[in-house]
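Just so we're aligned, residue -9 is where the sequence shown starts under the numbering used here, counting upward by one.
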Amino acid sequence: MDTSGKARLTGALKRESVKKNVAAIHVSGKLSLLQRKLSNVLLLNAYDTLTSQTSHRIDAQALCLMIGYNSNDIETLKSALRGLAETVAEWDMLDEAGRQEWGVSALLSYAKLKGGVCEYAYSPALAEKLHDPKVFALINLNIQRQFTGGHALALYENCFRFVKTGSTGWWSLDIFRRLMGVDGSDYYQSYKHLNAKVIKPAVAEVNKVSDIIVTPETRKMGRSVSDIRFLIRRNPQLAILNIDDGEGTRTTRTYARLMELGVSDRLARQWISEHGEDYVAGKIDYVAGQPEVRSPAKYLSRAISEDYAQPETPKSSRAGDPAIKARAAKLKRVQELVQSRSPTQRDADRRLFMSQLTGNSERQDFENHGWMSALNAEAIFKFWAELVPDDADLDPAE
């Protein structure tokens, strides 16, 4: 039995591009919505060093915040991590030489919580597959947050990986039930119940909140439904979340300026898609006004992620003020710490800090200026001093 989702593909779907672009990893559907979200956040956090490091770390509090539950509820986090360690990931695919490869691995080889940090690892074989964009597609966390149903998120994940081919290919109902995590239920052996309680609600939610539109099709053996597939197309209402085709983006002046700075094509399109052309153009202008910058592309990345803005020019009479010098040094150290974090951690840090701000003016200033927010400077220094307690450069006594 072919469990890769590529069974009996015909016509254009048999082209070589299918082999290269169709994900062949399936994860057991018996994950709760929380566990599925947790799995995606952990993968995104580890992605850049997935094959170069044997283990990965993330702040437990930040992790809880990213997947939307109480950061003090450690028992829930333990339970979710235990579920991932007990969940099987399976692949069945062709390698570059056209040879069939089947494999199975625990989704996490281990996870542990110590000192407020979550440490975890993947098996080397699974890490290799997860890191290959030809094999596995990362899920956009902004889209993931919109899902409220575990079946819907499971359907989205299993369909999104086939978006370039336009179809999942035919799945037997046994395989589909396993992907949705209902294979152990006698109730869902009936297609009528499966369709009413799983397929229809999941399709409706995917089409409402995600960047793809899915349409189920079935075929029968005799009078009974035996197989199901999903046709897939991009959701035009959420085109801003699509950073893969980007033909329009490549014609803009902002994109051309990013290319001149040496920014990669994918990153340039992602920045413009996520932040808007005017915002990115403003940050390019900001970097251009910093003559001592040695690496404009790297500095631009920080300017975009942390929303750098031109600071007010200090009065010359205060230029040598020790307090101003100390403040500037702390701001520089905060920028260095932010840059050292992974994209997932940076997002979690911002959310955690925002949750601690009570005034509208403080929240608005932070939204506008990020970690360079003058109105929140002291709170920012305190936040990072607590997050990195051994950092002498952030000593609140100074």
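All residues carry an ideal CB built from backbone N, CA and C; glycine is no exception.
None of the values given here were measured: they were computed from a predicted structure.
Can you grab the Cα-Cα spacing for the pair residue i / residue j, in whole Å?
i     : j    : result
T(-7) : S330 : For T(-7), the predicted structure reports a pLDDT of 39, less than 50, and the residue's modelled location is therefore unreliable. A value from the coordinates is still provided. Distance between the alpha carbons of T(-7) and S330: 40 Å.
V78   : S99  : 10 Å
S332  : K320 : 21 Å
V283  : A258 : 20 Å
A316  : Y289 : 22 Å
V328  : N350 : 24 Å
A367  : H359 : 11 Å
S157  : C149 : 8 Å
L169  : A369 : 46 Å
E292  : E65  : For the sequence presented, residue 292 should be read as Arg rather than Glu. Answer to the nearest angstrom: the Cα atoms are 36 Å apart.
I189  : A246 : 44 Å
D255  : V270 : 14 Å
Q134  : L103 : 24 Å
E91   : D82  : 6 Å
F371  : E326 : 13 Å
E147  : Q280 : 42 Å
A101  : L377 : 22 Å
L145  : L347 : 37 Å
I294  : C54  : 25 Å
Is it the case that the Cβ atoms of residue i and residue j are separated by a distance below 7 Å?
i    : j    : result
L251 : P206 : no
S345 : D355 : no
T334 : N30  : no
L143 : R223 : no
N185 : D201 : no
E267 : T244 : yes
L40  : H121 : yes
R219 : G159 : yes
E397 : W361 : As displayed, the chain neither begins before -9 nor continues past 388, which places residue 397 out of reach and without an answer.
E80  : V94  : yes
V199 : Q136 : yes
E352 : L342 : no
I167 : D173 : Reading off the sequence shown, one finds Arg at residue 167, where the question assumed Ile. Yes, these two residues count as a Cβ contact at 7 Å.
V324 : W374 : yes
I want to see whether chain D comes within less than 7 Å of residue i, judged by CB atoms only; does it?
i    : result
K102 : Among the protein chains of the structure shown there is no chain D, as only one such chain exists.
Measuring alpha carbon to alpha carbon, tell me which of the options ends up nearest residue i.
i    : options                : result
A299 : K187, N350, S113, E357 : E357
G171 : K27, E147, H141        : H141
V215 : A75, Q25, Y178         : Y178
L71  : Y269, I294, L327, A111 : A111
L97  : R292, A117, L145, R168 : A117
L24  : Q43, L67, D122         : L67
L74  : L21, R89, I57, I262    : L21
T44  : E91, L377, P114, P379  : P114
M56  : K372, L32, S69         : L32
D217 : Y181, L248, M249, K187 : Y181
V153 : P312, M249, L221       : L221
Touching or not, the stretch 48 to 57 and the stretch 89 to 108, by the rule of three or more beta carbon pairs under 8 Å?
yes
What are the uninterrupted segments assigned as alpha helix (DSSP H) that are 4 or more residues long and contained completely in the stretch 234 to 301, given in chain order?
243 to 250, 255 to 265, 267 to 278, 286 to 295
Let me know the alpha helix (DSSP H) ranges lying completely inside the stretch 166 to 223, each 4 residues or longer, listed in chain order.
181 to 184, 190 to 199
Okay, do the stretch 154 to 169 and the stretch 190 to 197 touch, 3+ Cβ pairs below 8 Å being the bar?
no
Would you check if the stretch 274 to 283 and the stretch 336 to 343 touch, i.e. whether three or more CB-CB distances between them fall below 8 Å?
no
Ignoring anything shorter than 3 residues or poking outside the stretch 39 to 68, list the beta strand (DSSP E) runs there in chain order.
46 to 49
If you scan the stretch 90 to 165 from start to end, which runs of the alpha helix (DSSP H) of 4 or more residues do you find wholly inside it?
114 to 121, 131 to 134, 140 to 150
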